[in-house]
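> The structure follows.
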Amino acid sequence: MQLEKEKNTSFNNKELTMKGTLLYSDGKTLLQVSKEENPVISIGKDADVLSLPKQTDLGIQKIKGEIIDPKCYFGVMKPGEGKVHRDCAIRCILGGIPPVLKVMNEKGEMNYYLVVGANGERMNEAVRDFVAEPVEIEARAVQQDDWVILYVKDKNIKRVSSISLYRSEDQIASCVGGCIK
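Going by my numbering, the first residue of the sequence shown is number 4, and it counts up by one from there.
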């Protein structure tokens with residue numbers, strides 16, 4: 004959003020050429036950009052409708068996990084999660100890195116969900132007190148390519164016991180009703 008203000012244009016549905024550092028981890032690829040390096044190389048024409056990501060509304064979901072900052076978690080910071088990383092994660096998220104909910108599914112695999120406000124707005128300040136804590140989020144889930152975006156109303160994040168992230172009625176369960184891939 005800051006880059007859009009600097010360029011005085013919206014990036015929505017535009018073809019962009021950007022430079023940055025690719026971060027690869029756990030089946031996800033992220034692009035880390037630095038505004039000091041002027042990451043936007045070019046802003047092209049409106050994207051063809053067929054090239055836009057397909058979106059599938061998955062309805063209202065209740066999901067338990069930990070809010071992380073993806074820059075450190077998927078990047079070089081080890082550990083990039085949990086209490087030991089909490090202060091850094093809060094600084095990263097308050098600095099503009101979008102929050103992600105990390106969830107262990109019933110097979111012990113990790114699933115990741117981008118966390119935004121009910122209308123797609125940033126939730127960085129709203130999640131501040133929940134970073135690196137076990138939480139349950141109730142949100143409208145929308146699949147967009149290989150990411151699921153959680154559209155959260157402010158009051159629909161609550162702390163839960165860390166035990167509930169791994170056990171629910173003697174079964175491993177972190178996603179109420181099953182995880183969404």
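Here a beta-carbon is modelled for each residue, glycine too, at the ideal position from N, C-alpha and C.
It should be emphasised that the depicted structure is a prediction, and the values quoted were computed from it without experimental measurement.
Residue 97 to residue 128, Cα distance in whole Å?
6 Å
> What's the call for residue 27, buried or exposed, on a 16-neighbour Cβ count within 10 Å?
exposed
> Since I believe residue 137 is in contact with residue 163 (beta carbons under 8 Å), could you give me their beta-carbon distance rounded to a whole number of angstroms?
5 Å
> Curious, which full-length alpha helix (DSSP H) runs of at least 4 residues does the segment 64-132 contain?
For the segment 64-132, the full-length alpha helix (DSSP H) segments reaching 4 residues or more read 73-77 and 89-97 along the chain.
> Bridge partners for residue 141 per DSSP, in chain order?
65
> Leaving out five residues on either side along the sequence, give the residues of the same chain with a beta carbon under 7 Å from the beta carbon of residue 100.
72, 73 and 74
> Between which residues of its own chain and residue 86 is the CB-CB distance below 7 Å, once the five residues before and five after are set aside?
Apart from sequence neighbours up to five positions away, the residues of its chain that approach residue 86 with a beta-carbon distance below 7 Å are 135, ordered along the chain.
> With distances taken from CA atoms, which of 114, 90 and 44 is nearest residue 66?
114
> Which same chain residues end up closer than 7 Å to residue 173 when comparing Cβ atoms and leaving out the 5 residues on each side of it in sequence?
Confidence is the limiting factor: at residue 173 the pLDDT is only 38, short of 50, which leaves the residue's position unreliable, though a coordinate-based value still follows. So the list is empty, once near-sequence residues are dropped.
> Count the other CB atoms, across all protein chains shown, that sit within 10 Å of the CB of residue 5; report buried if there are 16 or more and exposed otherwise.
exposed
> Excluding the five sequence neighbours on either side, which residues of its own chain have a C-beta within less than 7 Å of the C-beta of residue 18, listed in chain order?
Around residue 18, the same chain offers 47, 48 and 50 as residues with beta carbons nearer than 7 Å, after the five sequence neighbours per side are excluded.
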